[in-house]
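For reference, the structure discussed in these notes is given below.
Protein chains: 2
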Amino acid sequence: MSTNITNITSEREPDAPRSRQQSLGVFVAPESVAIFGATEAPNSAGRVLMENLIRFPCGATLFPINPKRKGVLGIRAYTCLEAASVPIDLAIVATPATAVPDVIRECQASGVKGAIIISDGFRNGGAPGAELEQQIVAELRRGQLQVLGPSCLGVVCPRTGLNATFAPAMVRSGGVGFLSQSGSLLTALLSPEWSDHVGCSAFISLGSMLGVGWPEWLEYLGNDPQTAMIGVYAETLGDTRAFVRAARAVTPRKPIILVKSGRLKTTACDTDGQTKRLVDRNDVLEDLLCLAGVLRVESISDLLRMAEVLSTQPVVRGRRLMIISNASGPARLAMDAVRREGGELAVPTPATAAALDALLPSRTFHENLIDLRDDASAERFAQAAAIGTNDANSDALLLLLAPYGTIDPFRTAELVSHLNLNRDRPILASWMWGAATPAIRRVLNDGGISTFATPELAVRALRYAWQHADNLQDLRQDSASRVEVARLDARSEGERLVETARSSGRTELTGGEACQLFAAYFLQASETCVADNPEVAVHLSAALGYPVALALCGRRDPLPADVAAVRLHATDAHGVIRAYRSLGAIVREHVGIDIFPRVRIQPMLTAERCIVSLHCSIDPHLGPVLRFVAVDQGEVVPGSQVIALPPITSESMQRLFRRRRFGEALQSLCKRHIVAPDLLGQFLVSLSQLVVEQRSIKAVQIDSLLMSRERVVALGPFVRLHSSEVRDVNLLELTPGCDSPDLPRAEPSEPSTSVWS
Amino acid sequence: MSTNITNITSEREPDAPRSRQQSLGVFVAPESVAIFGATEAPNSAGRVLMENLIRFPCGATLFPINPKRKGVLGIRAYTCLEAASVPIDLAIVATPATAVPDVIRECQASGVKGAIIISDGFRNGGAPGAELEQQIVAELRRGQLQVLGPSCLGVVCPRTGLNATFAPAMVRSGGVGFLSQSGSLLTALLSPEWSDHVGCSAFISLGSMLGVGWPEWLEYLGNDPQTAMIGVYAETLGDTRAFVRAARAVTPRKPIILVKSGRLKTTACDTDGQTKRLVDRNDVLEDLLCLAGVLRVESISDLLRMAEVLSTQPVVRGRRLMIISNASGPARLAMDAVRREGGELAVPTPATAAALDALLPSRTFHENLIDLRDDASAERFAQAAAIGTNDANSDALLLLLAPYGTIDPFRTAELVSHLNLNRDRPILASWMWGAATPAIRRVLNDGGISTFATPELAVRALRYAWQHADNLQDLRQDSASRVEVARLDARSEGERLVETARSSGRTELTGGEACQLFAAYFLQASETCVADNPEVAVHLSAALGYPVALALCGRRDPLPADVAAVRLHATDAHGVIRAYRSLGAIVREHVGIDIFPRVRIQPMLTAERCIVSLHCSIDPHLGPVLRFVAVDQGEVVPGSQVIALPPITSESMQRLFRRRRFGEALQSLCKRHIVAPDLLGQFLVSLSQLVVEQRSIKAVQIDSLLMSRERVVALGPFVRLHSSEVRDVNLLELTPGCDSPDLPRAEPSEPSTSVWS
């Protein structure tokens, strides 16, 4: 009975090498499908699944596996895979959770290529569920079986016809591939609101990703010729670095639009350590997704809306928007929103202005908003749109129509969409309040115009369109620029220094060695050292070279904040001793004890300021990361932390600079002429290269990066080495205490400004 | 023929005193209406207006004024008002603009009470239009005629039946009074989307407000018993201070929801001086509207949505939201949005948790999100909602339903709305993607549940609901607290000081007098003075009292930024001379000239820091304003400016502190133990009282407000007086150069920190 739904048009090359592309292909285009848990019990998962597989034929032969039945819905059932005696491409598992480990073992043994585990009740089913999950994981290690799920909704592929889900209908075929950890995205796709507007190349529900995860599916859809764009709903990104790498390989060719929900936390949980995981921080994620060229949106509606906009509108060239409206209120509010988002109102060219002047009864585009007034007719509206779309000073056009009695909304839509509109820019429209009927929407969409229920949604789409254009721009720049930023012998110089250190039994470089290593990468560095009695202070000062500056170490707690615990310009041994004693006197006076204080000794560099504090460390989820904060007048600028993943380019660094508080701090310092962002970017790029190339390095820490207009100097860089030969991957150790948002240091050092002012 | 539409049920008290309330009442409930420009020409304004007045009878007798016709649409027409020989309440003017000044003159002469000028083509009609406008203004000065418009859409009042607009239908009667400068708000109100949900007590189109403006209408609707809430669309607020005052009188009793579009500016205009108008700055407007208790929203949809929410839901008590959903994805995204907006996920009480445990197959509310899973039935959904609404740990409930095949959206809506839900908290719902049919929306609304097309819109409404609750809280606090913050003789002491100054021919107080005046208001102040040679420095130091600190004046440009141009702790004349010479040496060294530098001499206050710089000034649109910025380590904190309108209370001041960068700067200073926000608030409240009471004061300027944990000291307060006796109103002069966003001072003073550290 099964033959009646068999479709043998698709031919398989026998024994072709099994690339990952092919191996995932089995999930959307199987030739033989076994269904574990197939049943006729009404409303059961096994029943609905069978119905969908029959109702939407995909060319695969179905093999229900059910030892208790001879057939399911008229299709012959088998007691086990072996009984089917046919090679099975894909198993769909809808049994109770307890049976799943055995099913997986059976699939593995029979050479099944892929399994979709729809069954639920694993990690969210308490301890017994977690135990079952472990059994599956152990089983998967033993063979080649690819697993999707568990706790997933399944797979839909309109092109092949496969519907291995409970979805009540088939989604429309189209160019958007969906990867989702929520079934509701599929529900949305099937809704009247979206089903006509977004077509789907494949819908993959990933579940809890025990087997195949984001990177594999991104690569698969990235290479799938049917997929023009990828839409992702994610609750967790798993190995974030792998996600970013996979996404980055796709985005120069195909847009990825992502909506990601955060970890849910109650107030109680907020105070525990979990929120401090770097990868859970929203700003970090934003940076990473930006690096990957992914367009992040905030809701499922945004995701589908932008899929529609990006697939129908050209990439926007700039931020100059022309608004043509017959209602000034909504137009002005839309313009406010555009300005809030960093856009601007286009200033029409003289030619455009003249054409509009000729069309409109009086010059009604005060302040460049093309207000047609509430008595505008359909004809006047369409003519204005035609003029507007050819304006050379605009990058996008937004048409707003309020249904006054004087205008026919449907006729206006027809006239506008039949115009031979200039298609070099996005054209967006909102027929407002009651004028936004499905028929009108269809007419406008057929004319290549994206429609929105409200002006605000149009502006929101425009904001995302700008962000997408920026992403593409950044990706192009990144791939264009690769500058060598080190001496030719930098790598071997590093190896030599490491060898020297290791042969002396050390796992860290001396200050001098660290400075040598930095020099090989064109990085200026200067030593710093700590003395705890006057004699050592003199000795160290002589070694550093006069003049030096002395500053109390770790003085923050015992001393009032406004005591200047710095002595500058010690030019000889006597000066050092005098300065040291004077610092001792401060401690005596304020803390009341007469001790030799710990004093930090630094070369006296004039006119330079500490503006950055920097760590390289490893994050368990992100791998090696470069983190730095702006320091202004000795104080860390709150919220200025920037995260970057080496290797980095100057361009990506400049982009990070532009963001948030770090950029503001940098600008503020620039205004006071004490910083050159280019030099800082160059420094960080070189440092990133050092960290990538020198694979014996375990961690690098620079408490103070000093900067003038001419140079950047790392003060007392600290380099720790791996005790073994080299590390496998480019991973840097997580320095203790540097996991909090704003880089508190193990030993708070005094504000460094005073030393340089 | 006119009698057939006359309705004489409303009785007017003859010759009652004409309060403003009554005088504006004529616009919504006239007994006799003259229509200038009434005509039968198809699609003309005069025709549509007449049709609406006839179609929607309001009890008024109509008198078309048209010298060319005997009647209009069957109603007898008159050549002029006099010909009608009946007292006319309301004139509606729809003639060409050129005829309007004569019409107004005629109305004025005939004792017409109010006129609605619908005609357009005045200030936006170029120079001739502006001239016509001036003629109308001149005419209005001559009498009592109240004018609405010109360029307005007219008035709709469903209660009386009046429709003096071109609106194609009558809006539903209800409790929201609308004041609008855009006709599209009326269009929106008539749309299928909103017509069932928002009822209207009056819709007033204000136009360009030559006559009656915001304050009068706010007062009118504030006192109108039919109006429970006021919705405002504004393009300009006119006299902002009057708007704020009028709104503030209403908001403790009735919510005002406002959407305001900004001034449109092209890039070119952004660089001119106009954007610096204080009243055009968005942050200033936000502050003012917050003071007034007005809920500002961003779009017309927001306005109507919040009118619906505030009229059906109770005021929200707190920010703990419970989410119950059968789709985890949208629920998690909604939660993310709630957290972004400063809300939190409610932690259910043990009783709620137990009830849910009993209901749900397994504990499915991980992390306190009540996820019913995608196989939830209508019954389970409704039962969970019933449990959730009684949870004592929640302040609001959000129900999310995705239309999986397993649930009947309509039946679920019915079950939920028939529950005897706890009505002590807002209950919001989003039946998503195709489940949001009009029928379902009606069922839920009838059950007292507010419905939203998407979860994001529900969260947006919740954000506004929080803001509204905060506004109400603030208004209550403000009216509760009135503390006296001055000596009993403060007012007379001020008058005495002013008298002394005036008798010496001065228009400013000396440093000593200013300090005395401040002392009368419990404000600590300390003098500061400038010397330009060592002898004067010694003389001034002795007058101030030792020890003193000396600092170079205006040194920023000639000297490198990192030269410390301050000498502390001069304890006698020799110390002062030594310090003075040392500062001179710095100038010689760095600038290369050997001069007596200008040096600022201040009493040596230890452990205090300049944290605020402050001006009182007058803004042409806002009247007297108190503006201050945070100063950290001698640098103005960017974006930290706060604006307040005296008189102010401690509570409103604390609210201003919480906002934006000023609050952040204050917190950062608090962490370093050098600031007491309560003392600062107290200081500003007292200063505001000084400024309000001492009506001879023209301006007050305090460059440096120093602060320790124990006290706040104004350094060198500068008080300027009016040359005439007293001023009429409490207006303070605009200090030159203080109109830019961050209070640059005429003479940049050195960072003050160094003096105190």
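Going down the list, the protein sequences come from chains P and V. For the first sequence, the working numbering begins at 120 and goes up steadily by one. For the second sequence, the working numbering begins at 120 and goes up steadily by one. By construction, the Cβ of each residue, glycine as well, lies at the ideal position given by its N, Cα and C atoms.
CB contact flag (residue i, residue j, <8 Å)
i, j, result
"V:Glu-612", "V:Ala-644", "no"
"V:Ala-249", "V:Ala-210", "no"
"V:Val-706", "V:Leu-669", "no"
"V:Thr-217", "V:Gly-156", "no"
"P:Gly-553", "V:Glu-312", "yes"
"P:Val-295", "P:Val-274", "no"
"P:Pro-414", "P:Ile-375", "Note that residue 414 of chain P is Leu in the sequence shown, not Pro. A contact, by the Cβ cut-off of 8 Å."
"P:Thr-471", "P:Ile-506", "yes"
"P:Gly-524", "V:Phe-285", "yes"
"P:Leu-404", "P:Ala-366", "no"
For residue i, three-class secondary structure by DSSP
i, result
"P:Gly-156", "coil"
"V:Val-428", "helix"
"P:Val-804", "helix"
"V:Met-441", "strand"
"V:Tyr-699", "helix"
"P:His-841", "coil"
"V:Ser-151", "strand"
"P:Asn-509", "coil"
"V:Gly-293", "strand"
"V:Gln-721", "strand"
"V:Ala-259", "Sequence check: residue 259 of chain V is Leu here, not Ala. In this structure, V:Leu-259 counts as helix in the three-state DSSP scheme."
"P:Ile-568", "coil"
"V:Asp-490", "strand"
"P:Tyr-640", "coil"
"V:Ser-548", "Looking at the sequence itself, residue 548 of chain V is Ala, so the reference to Ser does not match. The answer is strand: DSSP assigns V:Ala-548 an E or B state."
"P:Ser-314", "helix"
"V:Thr-355", "coil"
Within chain V, partners of residue i - CB distance below 8 Å
i, result
"P:Leu-452", "Val-378, Ser-380, Glu-417, Ser-418, Ile-419"
"P:Leu-304", "Gly-448"
"P:Asp-514", "The contacting residues do not exist; P:Asp-514 stays about 13 Å from chain V at best."
Residues bridged to residue i (per DSSP)
i, result
"V:Leu-834", "V:Ser-645, V:Ser-823"
"V:Asn-282", "V:Val-275"
"P:Ser-324", "P:Ser-299"
Same chain, Cβ closer than 7 Å to residue i, five either side skipped, listed in chain order
i, result
"V:Pro-220", "Leu-251, Gln-254, Ile-255, Glu-258"
"P:Asp-565", "Ser-536"
"P:Thr-531", "Ala-497, Phe-500, Ala-501, Leu-520"
"V:Gly-244", "Ala-216"
Same chain, Cβ closer than 6 Å to residue i, neighbours up to 5 away in sequence not counted
i, result
"P:Arg-582", "Glu-460"
"P:Pro-653", "Ile-696, Tyr-699"
"P:Ile-223", "Ile-255, Glu-258"
"V:Gly-326", "Gly-268, Pro-269, Ser-270, Cys-271"
"P:Ala-321", "Val-147, Cys-276, Gly-296"
Cross-chain neighbours of residue i in chain P, by beta carbon under 7 Å
i, result
"V:Gly-553", "Ser-310, Pro-311, Glu-312"
Sequence-distant residues of its chain with Cβ nearer than 8 Å to residue i (five each side left out)
i, result
"V:Glu-354", "Gln-300, Ser-301, Lys-379, Ser-380"
"P:Gly-392", "Unreliable positioning characterises P:Gly-392 in this predicted model, as indicated by a pLDDT of 36, which lies under 50. The coordinate reading is nonetheless provided below. Excluding positions up to five away in sequence, the list is empty."
Partner residues on chain V for residue i, Cβ-Cβ distance less than 7 Å
i, result
"P:Thr-573", "Ser-418, Ser-420"
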